[in-house]
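Data first, discussion second: the structure below is written as C-alpha cells.
Residue numbers (the UniProt record's numbering): 1 to 642.
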C-alpha cells in the first residue's frame, strides 16, 4: 500500500515540476487517479490507523532518545538504579509479605553483595547462578553482582534433577546462591555431585542439608554498604544476566540479556504505560522470567515505581491485595486472567485502583468480559520473546490483539509475518529464493530483521552459539540479510493488528512457560525406563496455550500409574508434567524414526477418537487416574482445575 502513496507523490511532482500545472489542479488530478485505482482503501486505512501509528512513532522516538543517551553516557542498569535511588532514597521500592525495602536499603544490600563477592575473588565475566523463590532479594543479588561485572543466571525455582544441573553447568557457574527454603535446598542437595566445581552459598537460616555451603547472610555482616570498587571496564552493552527459555529441542537454553536489552524493554514499557514514582505495581509473576524480572523490576529501576512481589499467585486474594497495597497496575499472563474469571464474583472485584493491567496471552474470547467484570481501564497486551529482537505492544488496547504493525508505513519497524508451510513450520520461499510476506488473515511466522548498528534490532542470542544460529534465517527480504525467527505463528488483520496463533516446532506453552517436548520425552524415558515416549501439546477448551500430553508405548501392559504418579514430580516441574497420558501398543514414526505427532495432536484426549487407555492428572489426589466420560465432560466444560 505504501508504494501507491509514493507513486502518488511522484505523479504530483511530475505535474507541478515538468508540466507546470497549478498545485491545486495537480493535486485534484492525482487524487482522482489515486482513488480510481483503489486508493480510497489506503486513505481509509490512514484515517483509521493514523492516531495509533502516530502514538507508536512518538513512543519509538522517545525510546531511542533515551537509549542513545544511555549509550553516550556508557550507563549500565547499576548506574540507572543508583540515580533513581538518589532521587527516592526513602521511598519504598519493593514490598514482600508486608516487609518494605526502600531504595536506599536496596542500594545498601546490593552493595554488600558486590563487596562480598569481590572480596573472595569474583570478577567481571564470572557467573553466579541464583536459585531462590519469588522474592525481592533475587533482584538485590543480581544488581550487586552486576556492580562488579559478574553475570547472574536466573534459574527457575521449579526445576529439579537433570534440568537444574544442566542450567547451572551450561553457564559454567562459579557460584550458586540458593535460598534455605526446604524444597529448594533439597533440590540442590540432589544435584550436588553434578555441580561439585560450583561454590555454594545459602541464603537464609535453614539447615545446611549436608551441603558444603556458606551462609551468605553471616558473611554480609562484615561487608561495607558503600559501592564496591570499580575494578573492571564497564560497558553499557555488558551482559547483565541469563534467563532460561525452553527451545524447540533439548534442555533449557540460557538467553543473553545485556544491560541495553534490559533498558530498552523496561523504558519502552514505562513510556507506553506512563509509569511514574506514584505508581504501585502488583507482581505475582516469577522474577526469573522477562515479564516480572525485566518489565516489573525494570519499572523500579528506571521509573521509581514501587513493586509488590508475591511468592505465588492466589486467585482468591488477587483483588483484595491490589486494594490493600493501593496498586495502580498489575502484570498478568493469560492463564492468570482465566483463573480470576473463574472466581465467584465479590464486592472487591471493582474496588481496586488499577489504571492498567499488562501482560501477554489474554485470549480474545474473554478479553471484554475480563475488562468489564473487573473494571480495568486499560489492558496493555504485548508480544516479545525473552531472547528476541521483536518487542510489540497493543498501544490502544484493541480487544483481542497482542500488538500491531503499521500497514501504511510498514518500513517503520523491520518486523514482518512470513508465509510458512503449516505442516512443517518452515518458511515458504518464492522463485527468487526470498521469503513471502503474508497478507491479512494468512497465518505465518513473525520475524525481526537483525541490524548490528541498531541496538533495538540486535539479537544477543544464547550462551550456546550453535543454538543462536538456529534462530537466524538468511536471505529473507533481500540477499545476505538476517532475520530472527520467533518460532511463533501469528496472523494480522486489515488494520495491522496482530493475533497469536500457535507455537511452531516441538514446543508448546502451558501455565505461562514454554515446554520443550523433546526435553520432557527424554526425562520421562529415563525416569520411567521406557523406550518410546511421545510428548505433545493439546488444546483444552477455555484454556490458554496447550496442555502436555504423553503417548507411552506399552505393548506388554506393564506400566504402573502409581509409579508414574510418584516418579514424575521428582524429575519434572509442574508446568512440564503431562496433564494427560495415552498408553498405546505402538507409536507411529517416520522413515527417519521421528515421532508422528500430527495425528496424536488432532485426536488429543477425545474419548470418541482415542481407543487407547487415557489417564489424566488428578490434582486433588496428586496421581494419574482413568479419564472417564464424566471427567472428560468437565474438561470440555472448563470445570477442571490444574
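Where a beta carbon is used, it is the ideal one built from N, C-alpha and C, also for glycine.
These figures come from a predicted structure and were not determined experimentally.
Going along the chain, which residues of its own chain have a beta-carbon closer than 6 Å to the beta-carbon of residue 592, five neighbours each way excluded?
The predicted model places residue 592 with a pLDDT of 36, which falls under 50 and marks its position as unreliable; any figure quoted below should be read in that light. Nothing listed; no residue qualifies.
Residue 583 and residue 554 look like a contact to me (Cβ under 8 Å); what is the Cβ gap, rounded to whole Å?
Indeed, because the Cβ distance is near 5 Å, the residues count as touching under 8 Å.
Can you tell me the Cα-Cα spacing of residue 137 and residue 311, whole angstroms?
Straight-line Cα distance between these residues: approximately 12 Å.
From which residue to which residue does the beta strand (DSSP E) around residue 584 run?
Residue 584 -> beta strand (DSSP E) spans 580-584.
Within the continuous beta strand (DSSP E) that includes residue 93, where are the two ends?
Residue 93 -> beta strand (DSSP E) spans 92-96.
Could you give the residue range of the beta strand (DSSP E) that holds residue 501?
From DSSP, the beta strand (DSSP E) with residue 501 extends over 497-503.
If you draw a straight line from the alpha carbon of residue 58 to that of residue 176, how long is it in whole angstroms?
The alpha-carbon atoms of residue 58 and residue 176 are separated by roughly 43 Å.
Answer yes or no: does any C-beta atom of chain C fall closer than 7 Å to that of residue 163?
The structure shown contains no chain C; it holds only a single protein chain.
Taking all protein chains shown into account, decide if residue 276 is buried (16 or more other Cβ within 10 angstroms of its Cβ) or exposed.
So residue 276 ends up on the exposed side.
Quick one: Cα of residue 517 to Cα of residue 285, how far?
Residue 517 and residue 285: Cα-Cα distance of roughly 23 Å.
What is the DSSP secondary structure of residue 428, counted as helix, strand or coil?
Coil at residue 428, not helix or strand.
What's the C-alpha gap between residue 420 and residue 45?
Roughly 26 Å between the two C-alpha positions.
Would you tell me roughly how many angstroms separate the C-alpha atoms of residue 641 and residue 619, rounded to the nearest one?
Distance between the alpha carbons of residue 641 and residue 619 is about 8 Å.
Rounded to whole angstroms, what is the Cα-Cα separation between residue 245 and residue 288?
Using only the alpha carbons, I get a separation of about 10 Å.
Within 10 Å of its beta-carbon, does residue 95 have 16 or more other beta-carbons around it, so buried, or fewer, so exposed?
With 16 or more Cβ atoms within 10 Å of its Cβ, residue 95 is classed as buried.
Quick one: using the 10 Å Cβ neighbour count with 16 as the cut-off for buried, is residue 300 buried or exposed?
Buried: at least 16 other Cβ atoms inside 10 Å.
At what residue ranges does the stretch 411-462 contain a whole run of the beta strand (DSSP E), taking only runs of 3 or more?
DSSP runs (the beta strand (DSSP E)) wholly in the stretch 411-462: 415-419, 444-449.
Hey, would you say residue 143 sits closer than 7 Å to residue 110, going by beta carbons?
In contact: residue 143 and residue 110 (Cβ atoms closer than 7 Å).
If we count Cβ pairs, one from each stretch, closer than 8 Å, do we get three or more for the stretch 365-373 versus the stretch 325-340?
Enough Cβ pairs lie closer than 8 Å, so yes.
If we count the other Cβ atoms within 10 Å of its Cβ and call it buried at 16 or more, is residue 558 buried or exposed?
Exposed, since its Cβ has fewer than 16 Cβ neighbours within 10 Å.
Taking the alpha helix (DSSP H) that residue 525 falls in, what are its first and last residues?
Taken as a continuous stretch (DSSP letters only), the alpha helix (DSSP H) holding residue 525 covers 517-528.
Whole angstroms is fine: what's the gap from residue 501's alpha carbon to residue 416's?
Approximately 15 Å between the Cα atoms of the pair.
Can you check whether the CB of residue 405 is closer than 7 Å to the CB of residue 548?
For residue 548 and residue 405, no; Cβs fall outside 7 Å.
State buried or exposed for residue 507, treating a residue as buried only when at least 16 other CB atoms are found within 10 Å of its CB.
Burial call: buried.
May I have the straight-line CA-CA distance separating residue 689 from residue 239, to the nearest angstrom?
No information on residue 689 is available, as it lies outside the stretch 1 to 642 that the chain covers here.
Mapping DSSP to helix, strand and coil, what is residue 233?
Three-state DSSP puts residue 233 in coil, outside helix and strand.
Buried or exposed, going by whether 16 or more other CB atoms sit within 10 Å of the CB of residue 441?
That one is exposed.
What did DSSP end up calling residue 509 once you bin it into helix, strand or coil?
Three-state result, residue 509: strand.
Going by Cα to Cα distance, which pick from 523, 540, 552, 215 is closest to residue 533?
Among 523, 540, 552, 215, the Cα nearest to that of residue 533 belongs to 552.
Using a Cβ-Cβ cut-off of 8 Å (strictly less than) and excluding sequence neighbours within five positions of residue 267, which residues of its own chain qualify?
Here the set comprises 63, 66, 67, 298, 302.
From residue 182 to residue 61, what does the alpha carbon distance come to, in whole angstroms?
The alpha-carbon atoms of residue 182 and residue 61 are separated by roughly 48 Å.
Should residue 261 be labelled buried (16 or more other beta-carbon atoms within 10 Å of its own) or exposed?
Label assigned to residue 261: buried.
Going by the beta-carbon positions, is the gap between residue 576 and residue 520 smaller than 7 Å?
Yes, Cβ-Cβ distance for residue 576 and residue 520 is below 7 Å.
For the beta strand (DSSP E) that residue 618 lies in, which residues bound it at each end?
Start and end: 613-618.
So, with DSSP's three-state summary, where would you put residue 289?
Coil, per DSSP.
Any idea what DSSP makes of residue 77, helix, strand or coil?
Here residue 77 sits in helix by DSSP.
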